[in-house]
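The numbering used here applies: residue 1 is where the sequence shown begins, and numbers increase by one.
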Amino acid sequence: MMIKNLIKISFVFFAFFAGCYSPAFAQSNINYSVFLAGNTAPDDDAEFNEFIDELTNIPQAHAFVYLGNYSDYTTSDDELEFHFYPQIENENTPLLFTNGIKEWNNGKKQTKKVRKAIRNYFPDNEVYTNDWGCPGPTEVQLSDQLTVILIDTYWWLTALDTRYGKCGIEKDEDVFIWLQDALRLNENKTVIVVGYHPIESVGPMAATSQQQQVFWDFRMPFLKIRWAEKTIWFTPITETYANNCMLFYIVFQM
């Protein structure tokens, strides 16, 4: 069982929501830190910005994951407007990205545009994304003991017959096979799987919708491969979904 397996690693998990703050915490014996944020937007709250400054000002190795909805909608060729935390614009910080509804925007051309714009925005950082218009998985090895796997869940909600073949996919099951292989290859490591939608859901916003059956079909194969040890699933949408920014912070003490 995944919960039982997670007990095998010693880690501290902090979940912060915009407007919620916490006292400083000890940072001794930390091997690697991972910050995860979704549904970001400009925030002029001085206290929140000070909180981000303190949280990200750490000497240990760390990475930042944007889980989706970090840009504004666009259907033109104008430059994208991103909502990134300026505190993480550091060339020593690996940056990982998955697509929310704003970045996906029906996939393909839009995701290619976002991918290119991100790399132009962060020319000095290590930047990782899925191939444009594809579901992943993309493996990112952050350390010898820590791997992040990126998946784009909006691919599953895009009813386009032409999506096959563009990513080397002949049928939906291929994606699950790839993900299972990625988990197996990293079975002796700590693995974080990140995407925009929850793995267990009955709709795109963790509620009932016309696409309920789509997500039930999406859910079941994932339940079959949750055997992987030390696997953590992260998405910015929860059963109590809110449109405000969410920031997660994981500290690994391995």
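For each residue, glycine too, the CB sits at the ideal point set by N, CA and C.
Chain D within 8 Å of residue i, Cβ atoms only
| i | result |
| --- | --- |
| Asn-92 | Within the model displayed, chain D is absent; a lone protein chain is all it includes. |
Residues bridged to residue i (per DSSP)
| i | result |
| --- | --- |
| Gln-180 | DSSP lists no partner for Gln-180. |
| Glu-139 | Ile-149 |
| Val-175 | Partner(s): none; Val-175 has no beta bridge. |
| His-62 | Ser-33 |
| Tyr-128 | Leu-96 |
| Phe-82 | Ser-71 |
Cut-off 7 Å between Cβ atoms - residues of its own chain near residue i, not counting five sequence neighbours on either side
| i | result |
| --- | --- |
| Gln-213 | Any reading at Gln-213 needs caution, since the residue's pLDDT is 39, under 50, leaving its predicted position unreliable; the model's value is listed next. Counting only Cβ-Cβ distances below 7 Å, and skipping sequence neighbours, we find nothing. |
| Asp-131 | Cys-167 |
| Ile-118 | Phe-97, Val-127 and Thr-129 |
| Thr-111 | Asn-99, Glu-103, Trp-104, Trp-132 and Gly-133 |
| Glu-91 | Asp-124 and Asn-125 |
| Trp-178 | Pro-137 |
Neighbourhood of residue i by C-beta distance below 6 Å, restricted to the same chain and skipping five residues each side
| i | result |
| --- | --- |
| Asp-172 | none |
| Gly-280 | Residue 280 is absent from the structure shown; the chain starts at 1 and stops at 254. |
| Ser-22 | With a pLDDT of 40 at Ser-22, under the threshold of 50, the modelled position of this residue cannot be trusted; read the value that follows with caution. If we look at Ser-22 and ignore the five residues flanking it on each side, it has no Cβ neighbours. |
| Gln-141 | Thr-147 |
| Ile-262 | Nothing can be reported for residue 262: it is not among the residues displayed for the chain, which extend from 1 to 254. |
| Ser-186 | The residue you asked about is not Ser; residue 186 is Asn in the sequence shown. Within the same chain, Asn-186 has close Cβ partners Thr-147. |
| Glu-89 | none |
Beta-carbon proximity check, residue i vs residue j, cutoff 8 Å
| i | j | result |
| --- | --- | --- |
| Val-193 | Leu-67 | no |
| Val-175 | Pro-135 | yes |
| Tyr-32 | Leu-146 | yes |
| Val-114 | Ser-71 | yes |
| His-62 | Phe-84 | no |
Rounded Cβ spacing between residue i and residue j (contact assumed at less than 8 Å)
| i | j | result |
| --- | --- | --- |
| Thr-138 | Tyr-196 | With 8 Å as the limit, Thr-138 and Tyr-196 do not qualify as a contact, their Cβ atoms being about 14 Å apart. |
| Tyr-121 | Phe-64 | Tyr-121 to Phe-64, Cβ: 13 Å. No contact. |
Same chain only: Cβ atoms within 8 Å of residue i, ignoring 5 sequence neighbours per side
| i | result |
| --- | --- |
| Thr-40 | Tyr-66, Asn-69, Tyr-70, His-83, Phe-84, Tyr-85 and Cys-245 |
| Gln-60 | Gln-27, Ile-30, Asn-31, Tyr-32 and Ser-33 |
| Ala-24 | Any reading at Ala-24 must be qualified, since the residue scores a pLDDT of 43, below 50, and its modelled position is unreliable; the value itself is stated next. Taken in chain order, the residues that qualify are Glu-54. |
| Lys-116 | none |
- request: Indicate whether the contact test is met: 3 or more Cβ pairs, each with one atom in the stretch 92 to 102 and one in the stretch 120 to 134, closer than 8 Å.
  value: Taking 8 Å as the limit for Cβ pairs, the verdict is that the stretch 120 to 134 does touch the stretch 92 to 102.
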